[in-house]
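Numbering (my numbering), first residue to last: 18 to 181.
Structure (structure tokens):
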């Protein structure tokens, strides 16, 4: 009987470890892994290209990369967000916005930010929140937790950094 009580918690702990990203991993989107270093480079690249006074935080960069993947997976529920829409939205950042969308390092961060803005404007956040439970997007908890309810898709997020 005592052995059974020890095995069940050990198995549960092992199962939880399998759900967490590997050490050094920031985000996993549709099988593509972004390391914490990748996220740091993306944040620096976006700040430089967009000419921002304040740096983009790694937390915001990781969350936006996750949002890019998450929204791409559920677009059929509310309509695909095409490149033309993204380019039009990127104009709010001037010339840097177009350059950021073309930059391989920064593009997932800006796309996630722009797509999330469109989702919020369309009122489709409920679809997105529902998709969190069904998606294969994983984010390291140091960057926030994906939420299935609330005002934001992240438990503690500040996605406004890019628009400042």
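All residues carry an ideal CB built from backbone N, CA and C; glycine is no exception. On a predicted model such as this, the values are computed, not experimentally measured, just so you know.
| query | result |
| --- | --- |
| Do you know offhand how far residue 64's Cα is from residue 131's? | 15 Å |
| By DSSP, does residue 10 sit in helix, in strand, or in coil? | In the structure as shown, the chain begins at 18 and stops at 181. Residue 10 is therefore absent and cannot be evaluated. |
| Along the chain, where does the beta strand (DSSP E) that runs through residue 46 open and close? | 42-46 |
| Using the C-alpha atoms, what's the distance from residue 74 back to residue 143? | 26 Å |
| Let's test the definition: count the other Cβ atoms within 10 Å of the Cβ of residue 114 and tell me whether it reaches 16, buried, or not, exposed. | buried |
| Counting only runs of 4+ residues fully inside the segment 89-139, write out the alpha helix (DSSP H) ranges in chain order. | 100-107, 112-119 and 124-139 |
| Quick check: the Cα distance between residue 128 and residue 89, rounded to an integer number of angstroms? | 10 Å |
| Rounding to the nearest angstrom, what Cα-Cα distance links residue 140 and residue 99 in this structure? | 18 Å |
| Evaluate the contact criterion for the segment 142-159 versus the segment 103-110: three or more CB pairs, one atom per stretch, below 8 Å. | no |
| Beta-carbon separation of residue 122 and residue 59 under 8 Å? | yes |
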